[in-house]
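Enquirer: Dropping the structure in here first, questions after.
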Amino acid sequence: MTARVATNESILVVGGGISGMTAALEAAECGRQVILAEKTPTLGGRTALLYRYFPKMCHPVCGLEINLRRLKANRNLRILTMAEVVRIEGARGDYTATLRIAPRYVNENCTACGACAEAVASTIPNPYNYGLDRMKAAYLPHAMAYPQRYVLDPSIAGTEEGQQARAACRYGAIDLDMKEETIALKVGAVVWATGWKPYDAAKIQPYGYGRYANVITSVEFERLADPRGPTGGAILRPSDGKPAKNVAFIQCAGSRDENHLRHCSRICCMASLKQTQYLREAYGEDARSTIYYIDIRAIDRFEDFYQKVQHDATVRFVKSKVARIAEDEKTRNPILHGVDTEGYHHYATSHDLVVLAIGMEPEVTGAQVPAEVIEDSSGFIEGAADGGIVAAGVAAAPLDVNRAVQSATAASLRAIAVVHRAAATENA
Amino acid sequence: MSAQVPERYRNDFLREVEERVEEGRWVKMCMQCGVCAGSCPFGPHWEHSPQKIFMMIRAGKRAEVLGSDSMWMCTSCYNCIVRCPRKLPITHIMHGLANYAHRLGLAPKGQPTREFARLFWDNCIKQGRANELKLTLGLYFKDGLAAGIKTALAMKGIGLGMFKAKRINPMELFGGHRIKDVKGLHAIIAKAREIEDRRKGYTS
Amino acid sequence: MADMKTAAYVCSGCGIGDRIDAKQLERIAQKEGKMQLVRGHEFLCSAEGVALIREDIAKEGVTHVAIAACSRRAKTDAFAFEGVAITRANLREGVIWSQPDTEDARELTQDMADDYVRMACAELKRMKVPAGNPDRGTSKRILVVGGGLSGMTAALAAAGAGYDVVIVEKQAALGGRAAQWHRRIPYRNPYDAPVETGIAELVAAAGAHPRIKVHVNATLAQTKGAPGRFSVSVCVEGGDMVTEEVGAIVQATGFTPYDIARLPELGGGTNPNVVDQAGLERLALEAAAKGEPIRRPSDGGEVKRVVFLQCAGQRDDSGAHLPYCSGHCCLTSIKQAMYFKDASPSIDTVVMYTDLRTPGLGEDFYRAGQARGILFTKGRASSVTADGALCKVAFRDLILDEDAAIDADLVVLATGMVANSGVNIDIPEEERQKMEVKPVSVLNLAYRQGPDMPQLKYGFTDSHFICFPYETRRTGIYAAGPVRRPMDMAQAAEDATGAALKAIQAVENAGLGRAAHPRVGDLSFPTARLEGCTQCKRCTVECPFGAIDEDEKRYPLFNESRCRRCGTCMGACPVRVISFENYSVDTVGNQIKAIDMPDEFSEKPRILVLACENDAYPALDMAAMSGAMYSAFVRVIPVRCLGSVNTIWITDALNGGWDGVMLMGCKKGDDYQCHFVKGSEMAAYRMSKTDDTLKQMGLETERVATYEVAITDVARVSQLINEYVAKIQEIGMSPMKGFA
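For the protein sequence lines, the chains are C, H and P, in the order given.
Throughout the first sequence, residue numbering follows this note's numbering, covering 765 to 1192 in sequence.
Throughout the second sequence, residue numbering follows this note's numbering, covering 3 to 206 in sequence.
Throughout the third sequence, residue numbering follows this note's numbering, covering 28 to 767 in sequence.
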């Protein structure tokens, strides 16, 4: 176990998505010492995998670029990737956090030149496209990845291919002997910002996700629309690669449902409204979007966006929770069955593609946090009772990006107050 | 409409349903998503889906709800219960409503499911066992002799098959077998009814 | 920085040396670039390479470093040297990765690399090491305007982190609107019942905190200065003036409920038994004080039925009322219906909505409301009329698809929140004077651009950016709570804590003389040679952050710690007197002049690309990373913002024989993506004025083109370049070559 220099005036931020980056940067820019631990090989989290934001239709990676620039310029911030927090002991003002760091098999010599990827033939499912395509087993997660450093998948580390990758690297950056490492850090406060994951759509049995090729989730749809995604931004059906022009968006796929997630995931209505505009952008007047919903939750000034989409002739709204989906064997079109509750009309509607507006669940629930924390009925985290561990962003509640960042900024000050008091006690 | 207005959208009927209908207390939990309506295999044949019935209860449409034939068409497939995001025991509520309407004498006259149910009940209670042959024939002839003969003839192949497979005993037509203590059963049922009436506040 | 010593380092790693003659680059740096020290290295970002540079800085006294290697976005950890000026020539992403690896392409690839080295050297020589702005305010106190939930939360949060706070509250006591509330929506698990507001405790805590000073019955008469040195005149009780010196400001001035008198069709303002949500809270408080149930306002009669009409005067697209949703009202109505249900389950409560909006764990509260017997009806009310003491609500039942009516003892209209944001500075002063109700300023800023914070939409002073909710156009002043955006108490408390952090950051940055977001840590700042200034006021008008005032002689007066270092003023200045130490008309102008311009007959056009460093430049980098090729005739210069592009660069380029100029900036318009607000728009506007200049020079107007490029336009950006180059080739080479 290696001890790193950190004191009870340092803040540990767990999770390197937009909330974690924000919490870390805000504290560091206030002059505090921060350690940011991210489990995957890159910062950026799930927002880096979104094509656009509602309601401005701007690009999440634009904000990521700014945050990365802030981070590159800041000396108060230390970043650990592939690092998972496995234990937190102590109390507010005085914690010892244990982190397990997985081997990357690539050291800081890496220039991201890409020679190792060229030397490797094996591929693995690409998690940055939600598994819609595959990538080389020696990879840079994505073009915005930070640290801008390749990763060798463990599946090839001990193989001939691993050796080939090493041989291809001119800079001695590939280290096949890297081992898992465990480190202990002393910190005064912890910001827990581990974010969310999409609910497992296959559990919503009547919708046929996993059985029908043309039923996908909203996060996958983001990748289809993104020029950096598996189709180069073309919105195509998985079954036959044909343009998906007539698309159904099913709201509350997993959310607001006692059988799945009890809470409302807040973002899904706006996400679907936004995605109808991807379709319009791709296919113009030929686009056909249908939103099946219970309540459209376009909260506060997002209402504008809803009104704008309502005026879009290519978009139709049906107040109905879809009962089930069948598949037309010949066309592989999903056929949606249900009842429009406004006036009670049965429908059996065929679409090219179905997008499930999938619910958010905590990536790490309160019960899974390796410390004593308070959680709510859905596993979202409030924090430690003594306030020394504070949750931020979607780890704390289902939030949109804007509110997650707001939450992270607030969490950052709460953590600062903890270490401020810890320092005051120490100096007293 | 004005005469009706004070009645409408008051909780009176909802309260009545909560108090007197099996699982009626769940009605208020419906969020009108409509998944039950779409999940019902009989959906297209109903006048009112469960979700709509629930809304009508809240709206105080007592006569329309209790006079509806929709509840009678439920086949207890449980699709709605499985999919209901609020976990409402919809099947049970529908049966509860049917039962309640029947008890009040407000259920639609001549509704076949209801007729069958009554026939089945009477048949079953009489001797403490279901007499399938009598039940079948009772059902065939409920609309008169000619109709009964016609149906019976149409079904004769099945009847013979069942006879050969010893699924039907023609002797059952004459009395048929019964439980040992029919009187006791009748007493149990009378007591159960009394308890239910008291609990749910039925006066008749 | 009297002794300037320049050094250039040429890396030949990552294949640069295979594709380009790196030795030639070194020669160029030495001979043409006049670098005093030139070194080549085959792996410059290695520990050894970096140590080499560090040693030169320490031992050779190198003050200016040009690194010819990868993009300025790569290997930032390695190439971070404090106290020296640094420039990067992008040979990897910008040259070898964007050009085909063929023998045919070799010459043009080398030309490109040669020019980038020339440009880097030219830029470096004009750069100075930024020393931080001299306008360093030392006050670390934080002023909180408004003593409601948001204000008190912000004050306590800042005080808890060790900062002194002054609260200015207009009313006679702290507490704000929430002090008039009976209970609040639950904000933590379990979400099943209304909870105490906690306002009394907050008031007590704020009042007792040794770091918090409170002025009640007080308003701001004038706010002048800048982050770190705001001087605020507070008008206190009795009309006396007190001056408070503060470093940053949190504006938490809350909201006013939308006037229900504007909803006469729903009985608002005419029927005493029709109240808004605030009115119901009042009734609940009064009733609780007496220990009695809530009574019918008109006659004190018993309340048996209550109807809540959601979205009253909200979500209105007719233009008559508020177009937005206030976010909290569905939950508030559920809470208020619970007041009745908890008092007596026999009271009927109906919530009439079109979309029930109970996000997140609010869904638990919705369920709890249903379980209490609150009735939810999807419907749209058309009228509320009085029938004796009863109210008749006529509505369309959207589920049962019919017109219906309902009678009630009490009707609660869920009206929206109107932000208390002061004066809308986008409305000209003369027009404001003509308004029926003259808006009253909250901050009374003594700023050239107006007395209050710029509003985003519908009167809210929100940030325009999804990723940066605390982005402000008045550096050091942060809006929090419902003045920023409609929100409930839980969110307001969260928001106020976040705003307090930003205020703390602002005072810390101001103390160090460095920029605030998004160029955090930037120590450069704008300076003006006033002797050349023509007092045209463009800089003071166009600064997106209101950083520049005018002195009594109408010269620009820079408030550096309000400045965000975008350079819009520099781009605006027609006489080019504004510059930053490391980013100026000269640093860019020199690069434009530094390239080796081929002659008219060479068939090698030269296209200047001025690319926004936040979006277009990364897109170009990523295009190269993804293997997209673009023309070797372009030379890209990253700019802080397109708003900083001075037209002199364009005319210099064209006079110097460049064949075309492409400007790449962010999306403009209502949904603008420029993080300096108007940079892209300003550039487009300024470029639209260059047509005449071009015609006078006898040049085609196509030689200057402006593009909106998003950071995701990875494939598109190379296409744009190639199409533009093709167009220029069609038009032909510039006739201006060889005259400069």
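From the three backbone atoms N, C-alpha and C, an ideal C-beta is built for every residue, glycine too.
1) Note down the Cα distance separating VAL954/C from PRO217/P, rounded to an integer number of angstroms.
2) Closer than 7 Å between beta carbons: that is the criterion. Which residues of the region 375–388 of chain P meet it against chain H?
3) Taking buried to mean at least 16 other C-beta atoms within 10 Å of its own C-beta, is GLY346/P buried or exposed?
4) Counting beta carbon pairs with one atom in the region 382–395 of chain P and one in the region 353–371 of chain P, are three or more of them shorter than 8 Å?
5) Who does ARG842/C pair with in a DSSP beta bridge?
6) Check the Cβ-Cβ distances between GLY69/H and every residue of chain C, and say whether any is below 8 Å.
7) By the 7 Å beta-carbon criterion, what residues does the region 1087–1121 of chain C contribute toward chain H?
8) Which residues does DSSP pair with TYR734/P in a beta bridge?
9) Could you please tell me which residues of the region 969–987 of chain C, in chain order, have their CB closer than 7 Å to any CB of chain H?
10) Is there a C-beta anywhere in chain H that falls below 8 Å from the one on LYS405/P?
11) With distances taken Cα to Cα, identify the nearest neighbour of GLN51/P among GLN278/P, THR33/P, VAL144/P and ARG99/P.
12) Between ILE426/P and chain A, is the shortest Cβ-Cβ distance under 8 Å, so that the two count as touching?
13) Ordered along the chain, which non-local residues of its own chain (more than five positions away) have a Cβ less than 8 Å from that of ALA853/P?
14) Take THR1189/C and list the residues in its own chain whose beta-carbon comes closer than 8 Å to its own, dropping the five residues that flank it on each side.
15) From GLY996/C to GLU24/H, what does the alpha carbon distance come to, in whole angstroms?
16) Please check if any C-beta of chain P sits within less than 8 Å of the C-beta of LEU863/C.
17) So, using beta-carbon positions, are ALA659/P and ASP138/P closer together than 8 Å?
18) Taking just the CA atoms, how far does ARG180/H sit from ALA189/H?
19) Does the pairing of the region 191–201 of chain P with the region 553–568 of chain P give three or more beta-carbon distances under 8 Å?
20) Please give the ranges of any alpha helix (DSSP H) in the region 309–371 of chain P, keeping only runs that are unbroken, at least 4 residues long and fully inside the region.
21) From this set, TYR751/P, ALA279/P, GLN723/P and ASN682/P, which residue's C-alpha is nearest TYR657/P's C-alpha?
22) In chain C, which residues lie less than 7 Å from SER51/H when you measure between Cβ atoms?
23) Quick check: what's the CA-CA separation for MET765/C versus LEU863/C?
24) Skipping 5 residues on each side, what residues in its chain have a beta carbon closer than 6 Å to that of GLY444/P?
25) Any C-beta of chain H sitting closer than 8 Å to the C-beta of ARG743/P?
26) Taking CB distances under 8 Å as the criterion, tell me whether LYS144/H reaches chain C.
27) Cutting at 6 Å between CB atoms, please list the residues of its own chain near ASN574/P, excluding the five before and the five after it.
28) Note down, in chain order, each residue of its chain lying with its Cβ closer than 6 Å to the Cβ of ALA5/H, except the 5 sequence neighbours on either side.
29) Is it true that the CB of ARG501/P sits closer than 8 Å to the CB of MET480/P?
30) At 9 Å on the CB atoms, spell out the chain C contacts of ILE194/P, in chain order.
31) Does GLY202/P have its Cβ less than 8 Å from a Cβ in chain H?
32) Name the chain P residues that come within less than 8 Å of HIS1184/C, Cβ to Cβ?
33) Assuming contact is defined by CB atoms lying nearer than 8 Å, are THR811/C and LEU789/C in contact in what I supplied?
34) Spatial neighbours of HIS94/H within its chain, please: CB distance less than 7 Å, with the 5 preceding and 5 following residues excluded, ordered by chain position.
35) At a Cβ threshold of 8 Å, is TYR485/P touching chain C?
36) Could you tell me which residues DSSP pairs with CYS701/P in its beta bridges?
Expert: With the given structure in hand:
1) About 24 Å.
2) ASP375 and VAL377
3) exposed
4) yes
5) ILE799/C
6) no
7) ALA1087, ARG1088, HIS1101, GLY1102, VAL1103, THR1105, TYR1108 and HIS1110
8) According to DSSP, which records beta bridges pairwise, TYR734/P is partnered with MET691/P.
9) PRO970
10) yes
11) Checked all of GLN278/P, THR33/P, VAL144/P and ARG99/P; the closest Cα to GLN51/P is VAL144/P.
12) Chain labels in this structure do not include chain A; the protein chains are C, H and P.
13) The first residue shown for chain P is 28 and the last is 767, placing residue 853/P beyond what the model contains.
14) Within the same chain, THR1189/C has close Cβ partners GLY857.
15) 56 Å
16) By this cut-off, LEU863/C is not an interface position.
17) yes
18) When rounded, the distance between both Cα atoms is 16 Å.
19) no
20) 356–370
21) TYR751/P
22) VAL1103 and TYR1108
23) Note on MET765/C: pLDDT 42, under 50, position unreliable in the model; the coordinate value appears next. Those two C-alpha atoms are separated by around 10 Å.
24) According to the sequence displayed, residue 444/P carries Met and not Gly. Cβ neighbours of MET444/P beyond the five flanking positions: PHE282, SER353, PRO509 and PRO513.
25) no
26) no
27) The amino acid at residue 574/P is misidentified as Asn; the sequence shows Ala. Cβ neighbours of ALA574/P beyond the five flanking positions: ASN586, ARG589 and CYS590.
28) Bear in mind that the predicted position of ALA5/H carries a pLDDT of just 35, short of 50, making it too unreliable to give a figure here.
29) yes
30) Under the 9 Å cutoff, chain C gives no residues; its nearest Cβ is about 17 Å from ILE194/P.
31) By this cut-off, GLY202/P is not an interface position.
32) GLY187, ALA188 and GLY189
33) The answer is no: Cβ separation not under 8 Å.
34) GLU24 and GLU25
35) yes
36) Answer is none; CYS701/P lacks a bridge partner.
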